[in-house]
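Inspection log for the structure reproduced underneath, given as structure tokens.
Residue numbers (our numbering): 318 to 529.
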């Protein structure tokens with residue numbers, strides 16, 4: 318990741334109570350959000366592509382990164398920057414065979430071993446978690462915790478993005494454990510003002526990264 322993609326927002330329309338997702342994301346981009354992962358598993362390919370096409374000009378205007386969860390075909394069709402691989406997605410070599418260099422590839426992982434496997438297969442970064450308990454990630458098992466995050470960050474050379482229950486107050490310890498950035502859902506989309514929540518997280522990240 319050439320950019321400082323320290324903060325990823327993973328989308329979930331269910332958390333915004335009927336508001337227009339694109340409008341909400343636009344305010345977050347205005348607040349400085351550097352990266353969005355579109356993760357709307359209930360949408361078919363056509364609906365997902367339509368949503369992403371509304372986002373592409375907004376992310377490009379801010380030089381933010383747009384990733385599509387799982388769907389390589391949609392990511393390519395709309396001109397997204399990346400695809401986020403899950404455990405049920407195409408294998409990373411197959412994604413490379415289809416996409417070539419047109420897409421960067423992130424991989425969602427839940428163990429140090431999975432992170433190492435993803436790196437060997439050619440992933441550009443991994444999203445590791447859940448670090449802390451969070452309702453959206455309970456189906457993936459118990460929280461990994463900071464010890465496992467540190468172990469994983471040391472085991473791979475590619476950036477490790479931490480996900481799961483991360484608040485501004487927890488940013489410091491997550492970065493200290495080796496994460497290069499964080500990914501959040503409810504910390505932004507569940508906030509009264511998503512744009513303000515974005516700014517608060519970015520300020521916490523920038524303050525910690527400046528301090529070293």
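Idealized CB from N, CA, C, for every residue including glycine.
As the structure is a prediction and not an experimental result, all values here were calculated from the model.
Buried or exposed (CB count within 10 angstroms, at least 16 for buried), residue i
{"i": "residue 319", "result": "Low confidence applies here, because residue 319 scores a pLDDT of 48, under 50, leaving its location unreliable; read the following figure in that light. Exposed, because fewer than 16 other Cβ atoms sit within 10 Å of the Cβ of residue 319."}
{"i": "residue 447", "result": "buried"}
{"i": "residue 423", "result": "buried"}
{"i": "residue 436", "result": "buried"}
{"i": "residue 451", "result": "buried"}
{"i": "residue 455", "result": "exposed"}
{"i": "residue 418", "result": "exposed"}
{"i": "residue 331", "result": "exposed"}
{"i": "residue 347", "result": "exposed"}
{"i": "residue 471", "result": "exposed"}
{"i": "residue 359", "result": "exposed"}
{"i": "residue 351", "result": "buried"}
Top-ranked residue by Cα proximity to residue i, from the options
{"i": "residue 428", "options": "462, 421, 503, 335", "result": "462"}
{"i": "residue 336", "options": "511, 451, 450", "result": "511"}
{"i": "residue 353", "options": "509, 499, 517", "result": "499"}
{"i": "residue 402", "options": "419, 426, 418", "result": "426"}
{"i": "residue 395", "options": "377, 459, 518, 345", "result": "377"}
{"i": "residue 407", "options": "380, 492, 439, 366", "result": "439"}
{"i": "residue 349", "options": "523, 471, 487", "result": "523"}
Simplified DSSP state of residue i, which is helix, strand or coil
{"i": "residue 324", "result": "strand"}
{"i": "residue 502", "result": "coil"}
{"i": "residue 508", "result": "coil"}
{"i": "residue 548", "result": "The chain is shown only over 318 to 529; residue 548 falls outside these bounds and no answer can be derived."}
{"i": "residue 352", "result": "strand"}
{"i": "residue 334", "result": "coil"}
{"i": "residue 528", "result": "helix"}
{"i": "residue 522", "result": "helix"}
{"i": "residue 347", "result": "helix"}
{"i": "residue 363", "result": "helix"}
{"i": "residue 329", "result": "coil"}
{"i": "residue 490", "result": "helix"}
{"i": "residue 433", "result": "helix"}
{"i": "residue 450", "result": "coil"}
{"i": "residue 517", "result": "helix"}
{"i": "residue 455", "result": "helix"}
{"i": "residue 438", "result": "helix"}
{"i": "residue 340", "result": "helix"}
{"i": "residue 318", "result": "With a pLDDT of only 47 at residue 318, under 50, the local geometry of the prediction cannot be trusted, and the value read off the model is given with reservation. Residue 318 falls in the coil class under three-state DSSP."}
Contact belief for residue i with residue j at Cβ below 8 Å, rounded distance in angstroms
{"i": "residue 398", "j": "residue 384", "result": "6 Å"}
{"i": "residue 515", "j": "residue 505", "result": "6 Å"}
{"i": "residue 370", "j": "residue 329", "result": "Rounded, the Cβ-Cβ distance is 19 Å, inconsistent with contact."}
{"i": "residue 443", "j": "residue 412", "result": "Contact doesn't hold; Cβ gap of about 14 Å is too wide."}
{"i": "residue 494", "j": "residue 474", "result": "Going by Cβ atoms, the distance from residue 494 to residue 474 rounds to 16 Å, so no, they are not a contact pair."}
{"i": "residue 459", "j": "residue 479", "result": "That belief does not hold up - the Cβ atoms of residue 459 and residue 479 are roughly 16 Å apart, past 8 Å."}
{"i": "residue 342", "j": "residue 365", "result": "Actually they do not touch by this definition, with Cβ atoms about 14 Å apart."}
Q.
I'd like the ranges of any alpha helix (DSSP H) spanning at least 4 consecutive residues and lying wholly in the stretch 457 to 488.
A. Runs found: 462 to 472.
Q.
As an exercise, report each continuous beta strand (DSSP E) stretch of at least 3 residues that is fully enclosed by the stretch 369 to 431, in chain order.
A. Complete beta strand (DSSP E) runs here, min 3: 382 to 386, 399 to 402, 421 to 426.
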